[in-house]
Amino acid sequence: MNLNLLQKPRMIKMINLKKLKILKIQNKRRNKMKAITLTIVTHKAHSLNYGETIGNISTLKKLTQNTGHPKSLITYFSDKAIKYDVKRIGRESFGWHLMDQSVVAVIKGCVENNNFNYSKFYEDMVKNFEEFDLFGGMFADIEEIGGKKDRNGYYKVDGNKVKIETERLKRTQPVRFTNGYSISEFSYDTNLLNDIDAYNRYIQYTAGQKEQSLVFPEEHYSYYTYTLNIDLDQIGAVEIEETDNSGKIVKSWKRVITLEEKKNRIKSLLEIVLLWLHRKIKGRDENLTPVFVIGGVYDVKQPFFHNAIRFYEQNNNLIVEGKDIEKIFNTYEIREKTYIHHCNQVKINDEEKISPPNNITNLREFLEAILKEIYLGMIEEFLQKLDIKDIINAENFSKEKKLTDIETNLNNISEEEKIFEIEIKISRLSEDAKEIKSNLEEKIKSIYKESVLKKLGVSSTKTDSKFELKEIKIENLKNADLTLLNDILNDITKIEGIINEDEKKLINETVNQINEKITEIIAEKKEEQAKKSNKRKNKEEKTETSNEA
């Protein structure tokens, strides 16, 4: 195996937004991201959420809009209704794990030495269930799990008496939807439903009905508006208490999933809302993707646009009051962080007042623009953790900054995250930081090299952040399985460029011997399978002979 053909460490590609038409006047740096808020107007949809049925009349959920005479009504769908469909699509299309009977095993697994480990409960639930992570949940009653609670708050779990404070078994929602309100007023339209065809063919025989049933559902066809708020600090994290420098106890968030997993959960949620959201109701699929959306990623948790923009319908077009948007921009100074998309049937009054006037005309581009903001925010959050933000910021860049400062902070990060996060950081480095960029690339290679040596069981000496390869004892490979061997080969592909010629020879010899070992293991397994197959065949032949006798 030629080491020169081996891959170099992979680099994370940043999203290219050069072709995007975005509502940003300049690319200023911002504070740590905290939240996403999106105010959305859906496509026109038909009767989205029914309430009680009175007799044979199905009533829509409605609200009184004013106190005048006559009072006007609007219809709405609840936040519970929209979350139901978001979770449904998440499970069907993105493999989300929704809470089910497996929660019982998680709760029981948190009982340790007759005590309940609440920290383990929160971490396990966030790791294992996207539903619990994104939408929260609570467990006020667990008597089916642990028997009836006594007056002192103890439950019996697998025969052990454990005190469980059920009021602590909860999580607030990082992802919050408002109700969705109709743009047009409700006019008391109704429909007459019957199925004379089904009645004539089989219902009269199966149900024994002399007459078919008639149903009168209320009907309303309208645009709907709602707001989505996402707390980015909370996703993939659990709340912990820490003591600051002054001795004061402060609450913060501890991330319990990888940055990659956090990014994927946010990405899938936004994809559902912006590209795929639809509601299944009474045999219909109603499209709830946006015809108008405004929002972005901000450093404060505030639904800026909710109930702040006037929408109304005119000649089958949706009209948006541009003055309301301009007022929000002037009040909060968030113009440069805000993105807008709208379809052709949407008209924005005084659109020229919203400067710059360029809008994103494609929902996929809108999604990528928001994701890029989140992605860069995650990078900056990581850089703050490393305390080397001044290296990344070209304005404050100093060549005197030492690599040792970076390495010291790297020691506090788990091995699992090192490579991914350093690569992200390198992709964000400015042109003025080439020297530091080179040093960081060396650091990545050193981490890979150290990983190879550890797996091969080789002792290494560290000199000036470099690792000198001594000797590879092939005896270490004798008991290795295929997984470990392939893992080592994969790591070896990452260390080209930091080994000398002698080390190259040793590595090449090792690669050849690993490949021989893999071939040997595969051959042994095939031979073992062949023996088992022959043994089974002989047994079957003996059985047939015995049956014939």
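Per the numbering used here, the very first residue in the sequence shown carries number 51; after that it's consecutive.
The C-beta atom is built at its ideal place from N, Cα and C for all residues, glycine as well.
In this text the structure is predicted, and so the values were computed from the model without any measurement.
Beta-carbon proximity of residue i to residue j, cut-off 9 Å
{"i": "F266", "j": "N366", "result": "no"}
{"i": "G140", "j": "I322", "result": "yes"}
{"i": "T125", "j": "N337", "result": "no"}
{"i": "V288", "j": "V176", "result": "yes"}
{"i": "T388", "j": "G345", "result": "yes"}
{"i": "S169", "j": "S232", "result": "no"}
{"i": "Y274", "j": "L98", "result": "yes"}
{"i": "F361", "j": "E371", "result": "yes"}
{"i": "D281", "j": "P224", "result": "yes"}
{"i": "F179", "j": "K213", "result": "no"}
{"i": "F185", "j": "K133", "result": "yes"}
{"i": "V347", "j": "M83", "result": "yes"}
{"i": "E269", "j": "T308", "result": "no"}
{"i": "Y205", "j": "I192", "result": "yes"}
{"i": "R385", "j": "A95", "result": "no"}
{"i": "L368", "j": "V341", "result": "yes"}
{"i": "N164", "j": "K130", "result": "no"}
{"i": "W146", "j": "S296", "result": "no"}
Among the options, nearest to residue i - alpha-carbon criterion
{"i": "I90", "options": "V396, E591, N165 and E423", "result": "V396"}
{"i": "V154", "options": "D208, Y126 and E383", "result": "D208"}
{"i": "F181", "options": "F144, K585, I564 and E215", "result": "Correcting the residue type first, residue 181 is Glu in the shown sequence and not Phe. Minimum Cα distance to E181 is reached at F144."}
{"i": "R305", "options": "T411, S237 and D283", "result": "D283"}
{"i": "A85", "options": "F354, T411 and I568", "result": "F354"}
{"i": "Q364", "options": "E235, N558 and T114", "result": "E235"}
{"i": "L264", "options": "L278, I280 and L242", "result": "L242"}
{"i": "N314", "options": "K111, S128, D183 and N163", "result": "D183"}
{"i": "I316", "options": "D129, G286 and E162", "result": "G286"}
{"i": "E215", "options": "F171, K298, A580 and T339", "result": "F171"}
{"i": "H356", "options": "H147, E423, N229 and N565", "result": "N229"}
{"i": "W303", "options": "E217, E291 and K211", "result": "E291"}
{"i": "L327", "options": "K112, R138, K581 and M149", "result": "R138"}
{"i": "T339", "options": "E310, T277 and Q579", "result": "T277"}
{"i": "E415", "options": "L148, Q259 and L320", "result": "L320"}
Residue environment, residue i, which counts as buried when at least 16 other CB atoms sit within 10 Å
{"i": "G159", "result": "exposed"}
{"i": "I420", "result": "buried"}
{"i": "Y238", "result": "exposed"}
{"i": "H391", "result": "buried"}
{"i": "R221", "result": "buried"}
{"i": "E29", "result": "With the chain covering only 51 through 599, there is no way to say anything about residue 29."}
{"i": "V350", "result": "exposed"}
{"i": "L113", "result": "exposed"}
{"i": "E423", "result": "buried"}
{"i": "D150", "result": "exposed"}
{"i": "K298", "result": "exposed"}
{"i": "K312", "result": "buried"}
Chain-order list of residues whose beta-carbon lies under 7 Å from that of residue i (same chain, five-residue window excluded)
{"i": "S122", "result": "Q115, N116 and E235"}
{"i": "I572", "result": "none"}
{"i": "K78", "result": "Because K78 carries a pLDDT of 35, less than 50, the predicted location of this residue cannot be relied on, and the following value inherits that uncertainty. So the list reads E386, once near-sequence residues are dropped."}
{"i": "N380", "result": "none"}
Whole-angstrom distance between residue j and residue i, CA atom to CA atom
{"i": "S108", "j": "G101", "result": "7 Å"}
{"i": "N412", "j": "Y382", "result": "26 Å"}
{"i": "S583", "j": "N562", "result": "31 Å"}
{"i": "F610", "j": "D335", "result": "Any answer about residue 610 is impossible in this case: the structure gives the chain only from 51 up to 599."}
{"i": "H119", "j": "D245", "result": "39 Å"}
{"i": "F447", "j": "Y425", "result": "Confidence at F447 is low in this model, with a pLDDT of 37, below 50, so the placement of that residue is unreliable and no value is reported for it."}
{"i": "I564", "j": "K576", "result": "18 Å"}
{"i": "I359", "j": "D374", "result": "5 Å"}
{"i": "E157", "j": "I404", "result": "For clarity, residue 157 is Ile in the given sequence; the question names Glu instead. The straight-line gap from Cα to Cα measures roughly 52 Å."}
{"i": "K581", "j": "E559", "result": "33 Å"}
{"i": "E142", "j": "R218", "result": "31 Å"}
{"i": "R251", "j": "E310", "result": "56 Å"}
{"i": "I410", "j": "I331", "result": "31 Å"}
{"i": "G333", "j": "A257", "result": "21 Å"}
{"i": "K111", "j": "S152", "result": "34 Å"}
Close beta carbons around residue i, own chain, < 8 Å, minus the five adjacent residues each side
{"i": "T103", "result": "T109"}
{"i": "R586", "result": "none"}
{"i": "Q262", "result": "N244, D245, I246, Y249, I253 and Q254"}
{"i": "E17", "result": "Shown here, the chain extends from 51 to 599; a query on residue 17 therefore has no answer."}
Cβ-based neighbour list, residue i, same chain, cut-off 6 Å, excluding 5 preceding and 5 following
{"i": "N279", "result": "T87, R226 and P353"}
{"i": "N399", "result": "E371 and G372"}
{"i": "L324", "result": "L413 and L417"}
{"i": "E578", "result": "none"}
9 Å Cβ cutoff, residue i in contact with chain D
{"i": "T308", "result": "Of the chains in the structure shown, none is chain D; there is only one protein chain."}
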